[in-house]
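Numbering (my numbering), first residue to last: -10 to 120.
Cβ atoms here follow ideal geometry from the backbone N, Cα and C, with glycine treated the same way.
Scroll down for the structure; my scribbles are underneath it.
Okay, here's the thing in structure tokens:
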């Protein structure tokens, strides 16, 4: 399976259910994978810390799923680049916030994500959250 297909499948799982969202991190991250969602949240390492961060969003915003709309995706070597919009939804399926994101994911030969960085415009995110 290509790295692009692995990343697309990783994001597709986010929209199924909260359990599937968290399982995608368990199944696809290595034990040490750093995940940085700059400038919004601190870096996590490994699936357990990533899921703990998601639990905070679940508690604070009733996070249930994230519908990922990939606008552009490309690969150079072991790095996959994405331009996407993440629609964060609550347990009732209501849109909490829509976040434009640029992501950089590095994968190893086993198809595991070894590094994951997301970047978004904090001012835009704050404006959307306040609306």
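- Cβ neighbours of residue 27 within its own chain (closer than 6 Å, five residues either side excluded): 108.
- Counting only runs of 4+ residues, the alpha helix (DSSP H) found wholly inside the stretch 24 to 100 occupies 35 to 50, in chain order.
- Within the same chain, Cβ atoms closer than 6 Å to the Cβ of residue 0 are found at 57, the five residues on either side in sequence being excluded.
- With a contact defined as Cβ atoms closer than 8 Å, residue 55 and residue 11 miss out at about 11 Å.
- As the crow flies, the alpha-carbon of residue 94 is around 5 Å from that of residue 69.
- Contact between residue 105 and residue 24 holds: CB atoms are separated by about 5 Å, below the 8 Å threshold.
- With a cutoff of 8 Å on beta-carbon distance, residue 15 and residue 31 are scored as not near each other.
- Counting only residues of its own chain and dropping the five nearest sequence neighbours on each side, residue 5 has no CB closer than 6 Å to any other CB.
- A direct Cα-to-Cα measurement between residue 85 and residue 77 gives close to 5 Å.
- Note: residue 104 is bridge-paired with 95 in the DSSP secondary-structure output.
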